[in-house]
Amino acid sequence: MGLFSFIKEAGEKLFGGSDAHAAAPSEDLNVKAAQAIANYINTQNLGVSNLQVQFDGSQGKVTVQGVAPTQTAKEKVTLCCGNVANVQSVDNLMSVTNPEPEAQYHDVVRGDTLSAISKKYYGDANKYNTIFEANKPMLSNPDKIYPGQKLRIPAL
């Protein structure tokens, strides 16, 4: 899967703003941020086991390890980590119990809608619900996406 880049200023505000990306963040802040991200992943009920999250505030980098039941769950963990304010990259080192093909990703820009994204990737705007379902529970409403967010685009 490799290293994924995200927009640092976009995403859920799970931990302290300016403290989290100070020039020399303390180890304590990194541990607290990692715990906040791990808690967020656990609230998504993705079935991940042996979850380990590390955060390096000086680089805005999350490293995540553990076992995901499916490729979909692994990809959603990447999005959980990356769609958090102050995170610039995610290194997902998780293993997958039941491997399957990887999804594509889309970086949301101003003016994007799930219908427009669906039209771009699937040739059919009416397949927007496939993208919405692929990004649940991080997305709670198909009309609530924001610039800088990264979305999974699964194969049809």
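If you're matching positions, the sequence shown starts at 20 in our numbering and goes up one per residue.
Glycine included, every Cβ here is placed at the ideal spot set by N, Cα and C.
Quickly, what does DSSP pair residue i with across the bridge? List them, please.
i           : result
residue 170 : 125
residue 87  : 115
residue 80  : 75 and 108
Please name the residue, chosen from the options, that lies closest to residue i on a Cα-to-Cα basis.
i           : options              : result
residue 97  : 133, 57 and 159      : 57
residue 61  : 89, 100 and 25       : 100
residue 167 : 128, 45 and 139      : 128
residue 164 : 175, 150, 84 and 174 : 150
residue 74  : 121, 49, 86 and 111  : 49
residue 117 : 157, 144 and 94      : 94
residue 24  : 113, 102 and 141     : 102
residue 69  : 90, 162, 153 and 114 : 114
residue 125 : 169, 108 and 156     : 169
residue 64  : 174, 157 and 53      : 157
residue 119 : 106, 80, 87 and 22   : 87
residue 107 : 79, 130 and 132      : 79
residue 32  : 133, 162 and 59      : 59
Under 8 Å by Cβ, that's how I've got residue i and residue j pegged, so tell me the actual separation to the nearest angstrom.
i           : j           : result
residue 146 : residue 137 : 5 Å
residue 92  : residue 66  : 6 Å
residue 122 : residue 172 : 6 Å
residue 110 : residue 89  : With a Cβ gap of about 20 Å, residue 110 and residue 89 do not count as contacting.
residue 71  : residue 84  : 4 Å
The alpha helix (DSSP H) that contains residue i, what's its start and end?
i           : result
residue 101 : 90 to 101
residue 133 : 133 to 141
residue 144 : Segment: none, residue 144 is in no alpha helix (DSSP H) and carries neither H nor E.
Taking only three categories from DSSP, how would you classify residue i?
i           : result
residue 108 : strand
residue 54  : helix
residue 162 : coil
residue 49  : helix
residue 64  : coil
residue 32  : coil
Locate the beta strand (DSSP E) running through residue i, then write down its first and last residues.
i          : result
residue 75 : 68 to 75
residue 24 : 22 to 24
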